[in-house]
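Undergrad: Taking this note's numbering, the leading residue of the sequence shown gets 73, the next gets one more, and so forth.
Glycine included, C-beta positions come from ideal geometry on N, C-alpha and C.
Predicted model, so just to flag it, every value in this text is computed and none were measured.
Sharing a structure here in structure tokens format.
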Amino acid sequence: MHALRSEIMDYQGEYVCLTNKKRLISLCDTRWINRNTSIETFLELYIPIVNTLDKFRYGTLNDSFAEQLYHVITNFQHIISTCISCFLLSDIVPVSRMLQTETLDF
């Protein structure tokens, strides 16, 4: 793992990072606001994730699991469905925030 980490650090200067985020957020099943935030974070970190998986699958480790993940997230259908989900959920976030307030009681 140390060899892979140093290999990724060697190539880190080649990629432009457009966000300050460093970690993915886990997908929450019940809270729509957190779901949208996690999808947005995934899309913001998409290029570093793909580049890291590319280094895993072609690096010194030659990891088959990284290759499977790489093919799944670079699939056109996955990219389009993730972008559409983010777009649609962004319209739902204000309504979801309003409905999840403690003062709202039906």
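#1: Pull up the distance between the alpha-carbon of L171 and that of V165, whole angstroms please.
#2: By the DSSP assignment, the alpha helix (DSSP H) with Q140 in it spans what residues?
#3: Mind the definition here: the segment 125 to 135 touches the segment 103 to 113 only if three or more C-beta pairs lie below 8 Å; say whether that holds.
#4: In terms of residues, what are the limits of the alpha helix (DSSP H) holding T209?
#5: What number of angstroms, rounded off, separates the C-alpha of L76 from the C-alpha of G131?
TA: Straight from the coordinates:
#1: As a first step, residue 171 is located in the sequence shown; it is residue number 99 there, counting from the start. As a first step, residue 165 is located in the sequence shown; it is residue number 93 there, counting from the start. The straight-line gap from Cα to Cα measures roughly 10 Å.
#2: The count along the sequence shown starts at 1 and reaches residue 140 at position 68. From DSSP, the alpha helix (DSSP H) with Q140 extends over S136 to I145.
#3: no
#4: This structure leaves residue 209 out entirely; the chain is present only between 73 and 178.
#5: Taking the first residue of the sequence shown as 1, we reach residue 76 at position 4. Taking the first residue of the sequence shown as 1, we reach residue 131 at position 59. Reliability of the predicted coordinates at L76 is poor, the pLDDT of 46 falling under 50, and the value obtained from them is presented with this limitation in mind. Answer to the nearest angstrom: the Cα atoms are 7 Å apart.
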